[in-house]
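Engineer: So the sequence shown is numbered by the working numbering: it starts at 1232 and just counts up by one.
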Amino acid sequence: MLVRGKYVLTDGANGKSVFQEDAAVLICQDTIREIGPYEDLHRRYPQEDVAGDGTQILMPGLIDAHTHGAGLSYVQRGVTLDYLENALLKFATAFQLQPETTAMLNAVRHIQNGCTTLHHNESGAALDPHLKETCARKIEGYQTTGIRLGFSPGVRNKNVLAYDDREFLKTLPPDLRQEAEPMVYIDQERAVDEYMEAFEDLYSKYNSAKTRIFFGPNWVQGSTDEFLRRVKERADQLHKIPIHLHCLQTPVQKAFGLRKYGKSLVGHLDDLGLVDSNLVLGHAVYLSEEDIALLAEKDAFVTHHASCNLIMRDGIAPVYYMLKAGMNVAMGMDEKGINDDEDPFMEMRMIYFLHRHAGISLTECPALSPYEVLRLATVNGARPTGFAGEIGALRPGMKADMILVNTQEILNAPCMLPGFDMGEVVLRRGLGRYTDTVIVGGEKIMEHRKLLKIDLEALYQEVREQVSHGRTQAQLDREAFLERIRPYYQAWYNSWLENVELDPFYRFNSRN
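(1) So, with DSSP's three-state summary, where would you put H1350?
(2) L1575 lies in the alpha helix (DSSP H); which residues open and close that run?
(3) Compute the Euclidean distance between the alpha carbons of S1304 and Q1704, then round it to the nearest angstrom.
(4) Inspect the beta-carbon positions of T1594 and L1635 and report whether they are closer than 8 angstroms.
(5) Report the CB separation of V1249 from L1240 in whole angstroms; it is logged as a contact under 8 angstroms.
(6) Taking the straight line between their C-alpha atoms, what separation do you get for H1499 and F1458?
(7) Which residues bound the alpha helix (DSSP H) around R1421?
(8) In three-state DSSP terms, what is K1485?
(9) With a floor of 4 residues, list each alpha helix (DSSP H) that falls wholly inside the segment 1547-1622, ordered by position along the chain.
(10) Taking the beta carbon of E1621 as the centre, do at least 16 other beta carbons fall within 10 Å, making it buried, or is it exposed?
(11) Output the boundary residues of the beta strand (DSSP E) element that contains D1667.
(12) Within the same chain, show all residues whose beta-carbon is closer than 8 angstroms to that of R1408, passing over the 5 residues directly before and after it, in chain order.
(13) Mind reading off the beta-carbon distance from R1379 to V1671? Whole number of angstroms is fine, and I expect it under 8 angstroms.
(14) Can you pull the DSSP bridge partners for V1506?
(15) Taking the beta carbon of H1514 as the centre, do at least 16 other beta carbons fall within 10 Å, making it buried, or is it exposed?
(16) Which residues does DSSP pair with Q1251 in a beta bridge?
(17) Enumerated in chain order, which unbroken segments of the alpha helix (DSSP H) with a length of 4 residues or greater are wholly contained in the segment 1245-1308?
(18) In chain order, what residues of the same chain lie with their CB nearer than 6 angstroms to the CB of F1576, ignoring the 5 residues before and after it?
(19) Using CA coordinates, which residue listed in L1336, H1297, D1271 and P1268 is at the minimum distance from L1690?
(20) Who are the Cβ neighbours of E1632 in its own chain at under 6 angstroms, not counting the five residues just before and after it?
(21) Is the beta carbon of V1516 closer than 8 angstroms to that of V1506?
(22) Does DSSP put F1446 in a helix, a strand or coil?
(23) Apply the 10 Å Cβ neighbour rule to L1510 and answer buried if 16 or more other Cβ atoms are within range, or exposed otherwise.
(24) Here's a check: name, in chain order, each residue in its chain whose Cβ is nearer than 8 angstroms to the Cβ of E1252, leaving out the five neighbours to either side.
(25) In angstroms, rounded to a whole number, what distance separates the CA positions of T1324 and P1384?
(26) Using alpha carbons as the reference points, say which of P1645, N1390, I1582 and E1316 lies closest to L1607.
(27) For A1440, does the count of other Cβ atoms within 10 angstroms reach 16, so buried, or fall short, so exposed?
(28) Pick from T1616, L1713 and W1727: whose alpha carbon is nearest that of L1403?
(29) Rounded C-beta distance between N1559 and F1584? I'm assuming under 8 angstroms.
(30) Could you tell me the boundaries of the beta strand (DSSP E) in which K1675 lies?
(31) Enumerate in chain order the residues of its own chain whose CB-to-CB distance from D1284 is below 7 angstroms, with the five nearest sequence positions on each side excluded.
(32) Hey, G1243 and Y1602: beta-carbon distance below 8 angstroms or not?
(33) In terms of alpha-carbon separation, which member of I1569, R1587 and C1539 lies closest to Y1552?
(34) Just grab the DSSP bridge partners of K1681 for me.
(35) I'd like the list of long-range same chain contacts for L1526, defined as Cβ closer than 6 angstroms, with 5 residues on each side in sequence excluded.
(36) Assuming V1423 and D1396 are in contact, meaning their beta carbons sit under 8 angstroms apart, how far apart are those beta carbons, in whole angstroms?
Okay, here's the thing in structure tokens:
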């Protein structure tokens, strides 16, 4: 197959030179064989089917390196988003679709907006006898859509109710303490054994050319040291597959590291031997300069969730300084995009604008270029999703993952002056809904906005049917319990914040 474009973005790592005009990509099976002028390729390969009408932007498929994939957003499920530590009590009882329905709907939201790959981090419960089955059903649901998938099962084997929850338990009145104890005093060792058993089964069954299974313990502060050491040892045995961890998302998490270990959570991970080229930290809003230098030195990764961090009132990760230090950063939408629609173009735009405020100088603080941002959503997303060197750029020998984007609204409504910078145009004017065709591994999975692997209306009807049953009584009862502990929970964390010193990387205004 030949895929042609008026403007072809080949590799976000190479700056402006990556755009070729009136070019095409030759696909052989699932791999890119050749890139060059369309007329030349069409003359030499006249038998090949042609995708694209010659007016579109052809570019690598976009990569969401961190999502939890609920399918329906929290807003659609009636959950108000707030500081993470407030919202966690709501997340625990939110309505859930069936696993395969969740996965299919999440994939649809991504495909329609131009993503060819996503990483789903499954926030499972420790000692859940259904963890393996739930993960398997989600993986199979994703696979039916044709999307390329990274999948990491995750649990917490400590601090399930709150950070440092055994001490928190002592702050509760007797009746609440008695009810909360089973959530706090879990068999931590058995939880790790069951998690590792589930991982091994999922890895043996599903790890493949288009699906990569790797590790995703939920939190640094939710994992015992032994859990993290076992994960690291096994990940390295499997040729250093990724280890994905939420880390330093909030000031409370920063405070936890200082209280518990006398250092940053990144420093604690380094003490355990985890800071390495296969470590991926989600969010990382509260990294210190020392953390950034260490992560850059050890070739670790961060996934940046610009919109989610704003929505959850976490703050702004110092991505500008991460990139200037040589750190690896990839884009993740975390199912909380600014428009509530999993639009990676809008997420890139948010990143592009947000980090223009890293410093106040007309000469010493140049803004990120469009191409630096494009890298976050393309080639930089390959390693943390398990596909290092295979995806994220249009190069001979790489997997044929690409999208065609219509230019009518981008360039012709009403016009664009000659000499424009196409990278700037994509970042400023692109939208997910302009995606016309999506190709994964040389196979079209959406063409002219029509999904080719699944029946969208049937899927929507199934979603409506499941939603009509509402939440279970057990969920409602648990919600009532969590609301009773909320005042104690908030007081517990507020006491930590009194002694946390925050010296921001970015400056936005002045009180004096």
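Ideal Cβ positions, reconstructed from N, Cα and C, are used throughout, including at glycine.
Structural biologist: Judging by the given coordinates:
(1) Translated into positions along the sequence shown, residue 1350 becomes position 119. H1350 falls in the strand class under three-state DSSP.
(2) Against the sequence shown, residue 1575 aligns to sequence position 344. Here residue 1575 turns out to be Pro, not Leu, going by the sequence shown. Run containing P1575: P1575 to L1585, per the alpha helix (DSSP H) assignment.
(3) By 1-based counting over the sequence shown, the position of residue 1304 is 73. By 1-based counting over the sequence shown, the position of residue 1704 is 473. Straight-line Cα distance between these residues: approximately 21 angstroms.
(4) Numbered from its first residue, the sequence shown carries residue 1594 at position 363. Numbered from its first residue, the sequence shown carries residue 1635 at position 404. Not a contact, by the Cβ cut-off of 8 angstroms.
(5) Counting from 1 along the sequence shown, the entry for residue 1249 is found at position 18. Counting from 1 along the sequence shown, the entry for residue 1240 is found at position 9. Yes, they are in contact, since the Cβ atoms of V1249 and L1240 sit about 5 angstroms apart, within 8 angstroms.
(6) Stepping through the sequence shown from its first residue, residue 1499 is reached at position 268. Stepping through the sequence shown from its first residue, residue 1458 is reached at position 227. In a straight line, the C-alpha of H1499 is about 14 angstroms away from that of F1458.
(7) As a working mapping, residue 1421 is identified with position 190 in the sequence shown. Start and end: Q1419 to Y1437.
(8) The residue labelled residue 1485 in the question sits at position 254 within the sequence shown. In this structure, DSSP gives K1485 a helical state, which the three-state scheme calls helix.
(9) 1550-1555, 1575-1585 and 1601-1608
(10) Taking the first residue of the sequence shown as position 1, residue 1621 is located at position 390. Classification of E1621: buried, given that the 10 Å Cβ count is 16 or more.
(11) Here residue 1667 refers to the residue found at position 436 of the sequence shown. Unbroken beta strand (DSSP E) run through D1667: T1666 to V1671.
(12) For the purposes of this step, residue 1408 is taken as the residue at position 177 of the sequence shown. Excluding residues up to 5 positions away in sequence, L1400 and K1401 lie with their Cβ nearer than 8 angstroms to the Cβ of R1408 in the same chain.
(13) By 1-based counting over the sequence shown, the position of residue 1379 is 148. By 1-based counting over the sequence shown, the position of residue 1671 is 440. Cβ atoms of R1379 and V1671 come within 8 angstroms of each other, at about 5 angstroms.
(14) Taking the first residue of the sequence shown as 1, we reach residue 1506 at position 275. Paired residue(s): none; V1506 is not in a bridge.
(15) Stepping through the sequence shown from its first residue, residue 1514 is reached at position 283. That one is buried.
(16) Position 20 of the sequence shown holds residue 1251. In DSSP, Q1251 forms a bridge with V1239.
(17) Complete alpha helix (DSSP H) runs here, min 4: 1269-1275.
(18) Here residue 1576 refers to the residue found at position 345 when the sequence shown is read from its first residue. Excluding residues within five positions, the ones whose Cβ falls inside 6 angstroms are G1661, L1662 and G1663.
(19) Here the question's residue 1690 lines up with position 459 in the sequence shown. Nearest option by C-alpha distance: L1336.
(20) For this step, residue 1632 is matched to residue 401 along the sequence shown. For the sequence presented, residue 1632 should be read as Asp rather than Glu. Counting only Cβ-Cβ distances below 6 angstroms, and skipping sequence neighbours, we find G1292, T1347, I1622 and V1671.
(21) On the sequence shown, position 275 is the one that residue 1506 refers to. On the sequence shown, position 285 is the one that residue 1516 refers to. In this structure, V1516 does not lie closer than 8 angstroms to V1506 by Cβ.
(22) The residue you call residue 1446 lines up with position 215 of the sequence shown. Three-state result, F1446: strand.
(23) As a first step, residue 1510 must be located in the sequence shown, where it is residue number 279. Its Cβ being crowded by 16 or more others within 10 Å, L1510 is buried.
(24) Here residue 1252 is taken as the residue at index 21 of the sequence shown, counted from 1. If we look at E1252 and ignore the five residues flanking it on each side, its Cβ neighbours are K1237, Y1238 and V1239.
(25) In the sequence shown, counting from the first residue as 1, residue 1324 sits at position 93. In the sequence shown, counting from the first residue as 1, residue 1384 sits at position 153. Their backbone Cα atoms lie some 19 angstroms apart in a straight line.
(26) Mapped onto the sequence shown, residue 1607 falls at position 376. Taking only the C-alpha atoms, the option nearest L1607 is I1582.
(27) Along the sequence shown, one-based indexing puts residue 1440 at 209. By the C-beta density criterion, A1440 is exposed, having fewer than 16 other C-beta atoms within 10 angstroms.
(28) In the sequence shown, residue 1403 corresponds to position 172, counting from 1. With distances taken between Cα atoms, L1403 lies closest to L1713.
(29) Start at 1 with the first residue of the sequence shown, and residue 1559 comes out as number 328. Start at 1 with the first residue of the sequence shown, and residue 1584 comes out as number 353. Contact doesn't hold; Cβ gap of about 22 angstroms is too wide.
(30) Here residue 1675 is taken as the residue at index 444 of the sequence shown, counted from 1. E1674 to E1678 is the extent of the beta strand (DSSP E) around K1675.
(31) Translated into the one-based positions of the sequence shown, residue 1284 becomes position 53. Around D1284: no qualifying Cβ.
(32) For the purposes of this step, residue 1243 is taken as residue 12 along the sequence shown, with counting starting at 1. For the purposes of this step, residue 1602 is taken as residue 371 along the sequence shown, with counting starting at 1. One thing to note: G1243 has its Cβ within 8 angstroms of the Cβ of Y1602.
(33) Residue 1552 sits at position 321 when you count from the first residue of the sequence shown. The residue with the shortest Cα to Cα distance from Y1552 is R1587.
(34) Counting from one through the sequence shown, the residue named residue 1681 turns up at place 450. Bridge partners of K1681: E1678.
(35) On the sequence shown, position 295 is the one that residue 1526 refers to. Closer than 6 angstroms at Cβ, skipping near neighbours: M1558.
(36) The sequence position of residue 1423 within the sequence shown is 192, counting from 1. The sequence position of residue 1396 within the sequence shown is 165, counting from 1. Not quite, the Cβ-Cβ distance comes to about 17 angstroms (not below 8 angstroms), so this is no contact.
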